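Numbering of the sequence shown is given in numbering that gives the first Met the number 0, commencing with residue 0 and proceeding in unit increments.
Here's the structure we're looking at; comments come further down.
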Amino acid sequence: MALAQAIFEEYRQDWQRHFVPAAQLRLGAVRLAALADQESGEAHACLNADEMAQWEGFRLEKRRLEWLGGRMAAKWAAAAILGESPAAWPELAIRTEKDGRPYVAAGAHPAPPFISISHSGPLAAALAANLPCGLDIQQPGDKILRVKECFASADEEDILQASLPLSFSETERLTMLWTAKEAMRKMVRITPLLGLLEIRLLASRGGQGTPHNPLALTVAPGRAEDSRPAHTTVLCFFTDNLAWAMTCPPAGKE
């Protein structure tokens with residue numbers, strides 16, 4: 000279970016100022032290459048019986064590894080919010096809602112934290128918070144250029160191009176926009192999930208797209224019947240060839 004660890008802990012306090020003062024965030028991650036060498040032992044140490052059955056049911060090794068890494072990262076982050084030790088991880092049962100959204104079952108904790116899980120390339124990561132939250136990570140690739148009409152408008156591309164340093168390529172900018180919208184749709188707890196074109200990037204409020212100085216994007220759900228949140232902040236950055244985006248309720252009216 001030592002493979003699940005805090006990540007970007009040195010930036011957490013600065014990130015939290017973008018959200019409501021009451022927000023408590025913890026971000027955990029697992030490097031999948033390291034997990035592959037200890038997969039069975041880690042699974043038996045941190046999963047309960049139902050989770051073990053689900054893990055064993057995956058036929059594809061890649062899927063098994065990513066699923067386990069995501070659960071381990073989520074249990075680390077949830078335990079950090081709750082003040083629990085790794086010994087309690089099997090009791091922190093992570094289940095899935097009908098729309099695919101993961102959640103921590105109440106169990107011994109009447110108010111378990113909200114969680115969001117993502118994995119891409121070498122990493123599985125999870126965000127836990129005492130409020131609804133969303134996390135997405137994504138490796139950049141040429142495919143994003145071929146599908147950009149499915150999630151990006153020309154105005155949104157212009158906002159990002161004007162906001163990020165010239166060193167960011169079009170592929171990296173689009174990947175950052177994709178992760179921002181995915182993080183937003185994970186946080187907004189409505190069914191069915193928002194489509195990516197329903198989520199609109201309205202503005203960028205500073206930042207350089209790095210963990211130390213993330214881009215602060217103002218993003219809004221576009222479904223007419225939605226009343227909350229009207230719009231919120233999504234923090235985005237690139238590091239180690241991964242785009243990261245996370246969100247929680249905003250600090251005030253945007």
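Cβ atoms here follow ideal geometry from the backbone N, Cα and C, with glycine treated the same way.
The structure displayed is predicted, hence computed values, not measured ones.
Exercise. Taking 8 Å as the CB-CB cut-off, is S168 touching chain C?
Worked result: Considering every chain present, this structure includes no chain C. It has just one protein chain.
For this session: Measure the alpha-carbon distance for L192 versus A42 and round it to whole angstroms.
Result: 30 Å
For this session: Quick one: residues in its chain with C-beta nearer than 7 Å to the C-beta of G68, no 5 flanking neighbours on either side, listed in chain order?
Result: V29, L31, L34, H118, A123
Exercise. Which residue's Cα is closest to the Cα of G208: F167, G194, T246?
Worked result: F167
Exercise. By Cβ distance, which residues of its chain are closer than 8 Å to N240, with the 5 residues on each side in sequence left out?
Worked result: G120, Q138, P139
Exercise. Does DSSP classify I93 as helix, strand or coil?
Worked result: strand
Exercise. Does the distance from the C-beta atom of M183 to that of F237 stay below 8 Å?
Worked result: no
For this session: Just the C-alpha distance for V233 and Q15, rounded to the nearest angstrom, thanks.
Result: 11 Å
Exercise. C45 lies in the alpha helix (DSSP H); which residues open and close that run?
Worked result: 38-45
Problem set entry | Residue environment, R172, which counts as buried when at least 16 other CB atoms sit within 10 Å | buried
For this session: Have a look at W177 and A76 and give me their C-alpha separation to the nearest angstrom.
Result: 24 Å
Exercise. With distances taken from CA atoms, which of F18, E38, H17, A127 is nearest A1?
Worked result: E38
Exercise. Roughly how many angstroms separate the alpha carbons of A219 and G40, rounded to a whole number?
Worked result: 43 Å
Exercise. From the DSSP output, which residues share a beta bridge with R25?
Worked result: A127
Exercise. Do you know offhand how far I80's Cα is from K142's?
Worked result: 36 Å
Problem set entry | contact_flag[the segment 96-113, the segment 44-62] where n(CB pairs < 8 Å) is 3 or more | no
Exercise. Relative to the alpha-carbon of K74, which residue among A3, R63, E60, G194 has its alpha-carbon at the smallest distance?
Worked result: A3
Exercise. Ordered along the chain, which non-local residues of its own chain (more than five positions away) have a Cβ less than 7 Å from that of H17?
Worked result: A215, T232, L234, A250
Exercise. Under 8 Å between the Cβ atoms of F113 and A127?
Worked result: yes
Problem set entry | Proximity to A271 [Cα-Cα], best of L130, W243, L144 | With the chain represented from 0 up to 253, any question about residue 271 goes unanswered, as that position is not in the structure.
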